[in-house]
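>
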Amino acid sequence: MGLHSYSQPTSSPPSSINSEDMASYCNKGIPFGCWCGMDLIMETNEIEPNIGRRYYLCSNAEGGRGHHLFKWMDEAILEELDSIRYKRCQLVDDPTYYEILGEIDDLKEHVKNINETSDSFACKCNHLNLRHALIVGATAISASHFVCLFTIFMYF
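The numbering of the sequence shown is full-length UniProt numbering, which starts it at 1 and goes up by one.
1) How long is the line joining the alpha carbons of Met42 and His110, rounded to whole angstroms?
2) Taking the alpha-carbon positions, what's the Tyr56 to Leu81 distance?
3) Would you call the region 48-55 in contact with the region 94-107, where contact means no fewer than 3 C-beta pairs closer than 8 Å?
4) Give the single residue among Ser83, Ile47, Met38 and Glu79 whose Cα lies nearest to the Cα of Glu62.
5) Rank Ile47, Asp74, Cys36 and Ala76 by C-alpha distance to the C-alpha of Ser59 and give the top, closest one.
6) Looking at the structure shown, is Glu62 part of a helix, part of a strand, or coil, going by DSSP?
7) For Cys89 and Glu79, what's the separation of their Cα atoms in angstroms?
8) According to DSSP, Tyr98 sits in a beta bridge with which residue or residues?
9) Taking Pro31 and Lys71 to be in contact with their CB atoms under 8 Å, please state how far apart those CB atoms are, rounded to whole angstroms.
10) Measuring CB to CB, does Asn40 end up less than 9 Å from Leu69?
11) How far does the beta strand (DSSP E) with Met73 in it extend, from its first residue to its last?
12) Can you tell me whether DSSP reads Glu109 as helix, strand or coil?
13) So, are the CB atoms of Ser118 and Gly29 less than 9 Å apart?
14) May I ask you to report which of helix, strand or coil DSSP gives Ile114?
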């Protein structure tokens, strides 16, 4: 490498890792597919000693032969939770985390104010529409009814 060379960081495993460790490295957490490219199916074990235990299995696996994904569901979920805990700890240690939380609270308050203003405006529009309907309706009725409607109109 030259003086100003830069190589992109990689998330690939070390080259000295064997295929069994590779499978472990690539499949932490809940798997989304087999490394052969096929989808996974979820099944329930019906054999001792793990009767009723759920697992992920490659849809291309034939009777357990070949190098296809098999993973117990409970272990996958625990690995996923560990990953989430780790990421959460990293996030909480980030100084911008609390700034972002403050901005989120400010935005929530702003949205609340907008909703209150919108509700108030809608209420005023409803009152205006009601007054308009009363006035339009009053022109088509007798004078005695008009006095009654006028009294109601004054209270709005």
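We treat Cβ as the ideally placed atom computed from N, Cα and C, and that holds for glycine.
If you're wondering where the values come from, they're calculated on a predicted model, not measured in any experiment.
Looking at the atomic coordinates:
1) For the purposes of this step, residue 42 is taken as the residue at position 42 of the sequence shown. For the purposes of this step, residue 110 is taken as the residue at position 110 of the sequence shown. One C-alpha to the other measures close to 45 Å.
2) In the sequence shown, residue 56 corresponds to position 56, counting from 1. In the sequence shown, residue 81 corresponds to position 81, counting from 1. Taking the straight line from one Cα to the other gives about 17 Å.
3) Output reads no: the region 94-107 does not touch the region 48-55.
4) Walking along the sequence shown from the start, residue 62 turns up at place 62. Nearest option by C-alpha distance: Met38.
5) Counted from its first residue, the sequence shown places residue 59 at position 59. That would be Cys36, whose Cα lies nearest to the Cα of Ser59.
6) The residue you call residue 62 lines up with position 62 of the sequence shown. Glu62 carries a strand assignment under DSSP once its states are collapsed to helix, strand and coil.
7) Along the sequence shown, one-based indexing puts residue 89 at 89. Along the sequence shown, one-based indexing puts residue 79 at 79. Rounded to whole angstroms, Cys89 to Glu79 spans 15 Å at the Cα level.
8) To locate residue 98, count along the sequence shown from 1; it is residue 98. Bridge partners of Tyr98: none, in fact.
9) For this step, residue 31 is matched to residue 31 along the sequence shown. For this step, residue 71 is matched to residue 71 along the sequence shown. Confirmed, about 6 Å.
10) Locating residue 40 in the sequence shown gives position 40, counting from the first residue. Locating residue 69 in the sequence shown gives position 69, counting from the first residue. With the sequence shown as reference, residue 40 is identified as Leu, and Asn is not the correct amino acid for it. Less than 9 Å separates the beta-carbon of Leu40 from that of Leu69.
11) For the purposes of this step, residue 73 is taken as the residue at position 73 of the sequence shown. That residue, Met73, is in no beta strand (DSSP E); its alpha helix (DSSP H) goes Met73 to Asp93.
12) Walking along the sequence shown from the start, residue 109 turns up at place 109. Glu109 falls in the helix class under three-state DSSP.
13) On the sequence shown, position 118 is the one that residue 118 refers to. On the sequence shown, position 29 is the one that residue 29 refers to. Not in contact: Ser118 and Gly29 (Cβ atoms no closer than 9 Å).
14) Stepping through the sequence shown from its first residue, residue 114 is reached at position 114. Correct three-state label for Ile114: helix.
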